[in-house]
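To keep things clear, I will list the structure first and then write my remarks on it.
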Amino acid sequence: MDGHPLLLRLVADLILAEFPQNPSLERLADLGLGNLSQLLSDPQVVGSHRQETVGIALVLDASFQRLSQRQQELFTKTSIYRREFDSPAAKAVMDNYPEIALSEITADLRELQRRSLLEEKEENRQRIFSFQPLVWEYAQYKAGDQRELHQKAIAYYLSIAQPDSWEILNDVQPYLEIFYHRYQLTEYDNAFDILRAIDDFLTRRGYYQTLADYYLELVTVYQQQEEQTNWKYTVSLTSLGNVYNSLGEYQKAIEFHQQSLAIFREIGDRGGEAASYNNLGNVYNSLGEYQKAIEFHQQSLAIKREIGDRGGEAKSYGNLGNVYYSLGEYQKASEFHQQSLAIDREIGDRGGEAYSYNNLGTVYSSLGEYQKAIEFYQQSLAIKREIGDRGGEAKSYGNLGNVYNSLGEYQKAIEFYQQSLAITREIGDRGGEASSYNNLGNVYNSLGEYQKAIEFYQQSLAITREIGDRGGEANSYMGLGNVYRSLGEYQKAIEFYQQSLAITRKIGDRWGEAASYNNLGNVYYSLREYQKAIEFHQQSLAIKREIGDRGGEANAWFNLGLTYYKLKRISEAKEAFLQSRELFQALGLAADVQDCDDKIRQLETQKYPLIVAFFLGVIKFPLVLIGGIIVALWRLLKRWLRKA
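In the UniProt record's numbering, the protein residues as written are 1 to 644.
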């Protein structure tokens, strides 16, 4: 028999519950549902959405009427829960039965499940119940006004909520449920307070989409209120901007930060204004629009100095250091991070101090000064352990892994990445977990263990898709492209690079777009399609110049030099290497300058064989001619002697 699955289950379980000895479809008439048998069997009405809905309502009514009064109350009152619930949660809303035992509640819940009015599963040796969506709507309709039930649900979740020491999302789920019930009661400010209490935890664990969903609900209702300068509304806008930046939805992030900036200016909140400039700087840094990022961070810094916010001043220096690092201006980046570190030490901000050490480690790693980088990362790690920052500890292990990967000490790198991965799993940091998998993919690619690398990149990709991290998704595609390029599977590599390029274009990530063009240039170089390679490297170069990334520009020139050389365009190759050398020298990258010098010398030595070949050609022609004449004369002389 065809039809709506839920309707069929409800009918079958109702008949079984009422007529266990002789269950049959004909029994529907005895339940006052005679017309329903036609609904279930007539092919002309089966499949009609309206008829199915009517049928479900009829069967639900019949089932509900045959429940005991206590079971009816249990059915309607537990519909206050939007998620799964257990027997203690059900008991919490059954205040009319204060003496009822938990076992009796469980028995009634199981009876509701037997009639398909509830779903049931076992989890950690505990029975968990939930509603089918249509059944939940029916139960809520029967419940009527639920304001009192929302209050009881809040009291229940407060009784089981952990005050702190959260590790995974489940630990803060009671607070998310309290938010929901406060919101349903139109207690929006109270709902905001609950969300703010767990915001830092959700941010550090990478639950960005969860934060976006909840803050968007608040912003929607605050926008409908007359008081548009409400502080909580403004903070919600700021939080949404930060969350969308983390999700790689940069244009959305800019819109929300611009809205909060306008309000802070209007109400004269200088600290809030500085925070908005700082946040906009971070978004433009993510977009690769570095000059804009610098302008916003400098505006933020000026205000923080003006109002005497030393901690904020340190953060601005750190953010400026990050932008100059992105630009490849490592000396400037180091200076800003040192200024940030000095203030952090002065005011005793241990977390900020660890952050500054981490940033300095990253700068020195890029400069090729790996021992210095290791020292800074270890100082950062020590503080993070001291203050109990598990997420920060995981990042330090990841950074140490990156240095050892650069040093070619791959086993050490793997050990650090595994330590980072273990912590991110333990604390439920999905974004950090994806990053660890990505790093492991990088090191196994370096080791030539390509199948392992692919597995790690795919694990990273799955998580970034799950949490909505578009930038991370693009990085995973890039990693997969690199592996397939190493395997010589160039068409597959191109497909992954194209997917990465599509995402970076969509989210407006100019740096990522340039990196994708660079990778496509490299793969076409491997395919010996040098003209195509040049086109992609030129596109990468154009973006690097546009965003002011001098390090990226130097690399693009170097890659163009390699490609021109393959096409025997020697003068263009030399010019490209000279451009690259000049930029690397300005950035203080001695090893890269040496690489350019080596290539230029190689080109110079190529010139001499060409010159020699030319002169040999000039000399060779008359010599060959004279030799031919001598041979001819010798042959004539031999013939004359024979005749004689």
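C-beta: ideal position from N, C-alpha, C; glycine also.
Nonlocal neighbours in the same chain, by C-beta distance under 6 Å from residue i, ignoring five residues either side
i, result
"residue 130", "84, 119"
"residue 12", "Residue placement at residue 12 is poorly supported in this model, since its pLDDT is 49, which falls under 50; the coordinates still yield a value, given next. If we look at residue 12 and ignore the five residues flanking it on each side, it has no Cβ neighbours."
"residue 614", "With a pLDDT of 46 at residue 614, under the threshold of 50, the modelled position of that residue is not reliable, and no figure is offered here."
"residue 333", "321, 324, 325, 363"
"residue 183", "191"
"residue 153", "80, 181"
"residue 211", "202, 243"
"residue 234", "260, 263"
"residue 404", "412, 413"
"residue 533", "521, 524, 525, 563"
"residue 512", "474, 504"
"residue 299", "277"
Burial state of residue i (16 or more Cβ within 10 Å)
i, result
"residue 563", "buried"
"residue 201", "buried"
"residue 213", "exposed"
"residue 602", "exposed"
"residue 174", "buried"
"residue 170", "exposed"
"residue 571", "exposed"
"residue 177", "buried"
"residue 682", "Since the first residue of the chain shown is 1 and the last is 644, residue 682 is not available in this structure."
"residue 122", "exposed"
"residue 251", "exposed"
"residue 107", "exposed"
"residue 504", "buried"
"residue 265", "exposed"
"residue 158", "exposed"
"residue 165", "exposed"
"residue 268", "exposed"
Anticipated Cβ contact below 8 Å, residue i with residue j, distance rounded
i, j, result
"residue 477", "residue 500", "4 Å"
"residue 417", "residue 396", "Not confirmed; about 12 Å, so no contact."
"residue 381", "residue 393", "6 Å"
"residue 460", "residue 437", "4 Å"
"residue 112", "residue 71", "7 Å"
"residue 257", "residue 230", "Wrong, their Cβ atoms sit about 17 Å apart, outside the cutoff."
"residue 328", "residue 567", "Actually they are not in contact, since the Cβ atoms of residue 328 and residue 567 sit about 27 Å apart, beyond 8 Å."
"residue 544", "residue 514", "5 Å"
"residue 536", "residue 521", "4 Å"
"residue 314", "residue 340", "5 Å"
"residue 479", "residue 519", "With a Cβ gap of about 10 Å, residue 479 and residue 519 do not count as contacting."
"residue 188", "residue 215", "Actually they do not touch by this definition, with Cβ atoms about 12 Å apart."
Candidates the options: closest to residue i by CA position
i, options, result
"residue 190", "99, 164, 210, 218", "218"
"residue 161", "148, 145, 179", "179"
"residue 207", "259, 312, 434, 320", "434"
"residue 150", "168, 186, 169", "186"
"residue 65", "139, 554, 105, 513", "139"
"residue 541", "440, 203, 554", "554"
"residue 284", "274, 248, 271", "248"
"residue 524", "571, 495, 137", "495"
"residue 466", "452, 485, 431, 593", "431"
"residue 653", "346, 569, 320", "A query on residue 653 cannot be resolved here, the shown segment of the chain reaching from 1 to 644 and no further."
"residue 517", "529, 498, 507", "498"
"residue 506", "489, 480, 520, 474", "474"
"residue 239", "209, 265, 225, 267", "209"
"residue 471", "100, 286, 263, 264", "286"
"residue 469", "194, 593, 357, 205", "205"
"residue 580", "365, 595, 558", "558"
"residue 289", "548, 596, 598", "548"
"residue 656", "385, 331, 569", "For residue 656 there is no data in the structure shown, the boundaries of the chain being 1 and 644."
"residue 357", "368, 331, 384", "384"
Neighbourhood of residue i by C-beta distance below 7 Å, restricted to the same chain and skipping five residues each side
i, result
"residue 487", "450"
"residue 156", "89, 92"
"residue 574", "600, 603"
"residue 452", "444"
"residue 527", "490"
"residue 493", "481, 484, 485, 523"
"residue 305", "313"
Cβ-based neighbour list, residue i, same chain, cut-off 8 Å, excluding 5 preceding and 5 following
i, result
"residue 110", "120, 127"
"residue 245", "253, 279, 282, 283, 286"
"residue 60", "10, 117, 135, 138"
"residue 49", "In this prediction, residue 49 has a pLDDT of 42, which is less than 50 and means its spatial position is unreliable; what the coordinates show is noted afterwards. The answer is none, since no qualifying residue turns up."
TODO: Counting only runs of 4+ residues fully inside the segment 123-183, write out the alpha helix (DSSP H) ranges in chain order.
DONE: 133-143, 147-160, all fully within the segment 123-183.
TODO: Please list the segments of the beta strand (DSSP E) lying wholly inside the UniProt repeat "TPR" (434-467), counting only runs of 3 or more residues, in order along the chain.
DONE: Listed in chain order, nothing qualifies, since the UniProt repeat "TPR" (434-467) has no complete beta strand (DSSP E) run of 3 or more residues.
Task: Length at least 4, wholly inside the UniProt repeat "TPR" (554-587): the alpha helix (DSSP H) runs in chain order - done: 570-586, all fully within the UniProt repeat "TPR" (554-587).
- [ ] Would you mind listing the beta strand (DSSP E) stretches within the UniProt repeat "TPR" (354-387) that are 3+ residues and don't spill past its ends, in chain order?
- [x] Listed in chain order, nothing qualifies, since the UniProt repeat "TPR" (354-387) has no complete beta strand (DSSP E) run of 3 or more residues.
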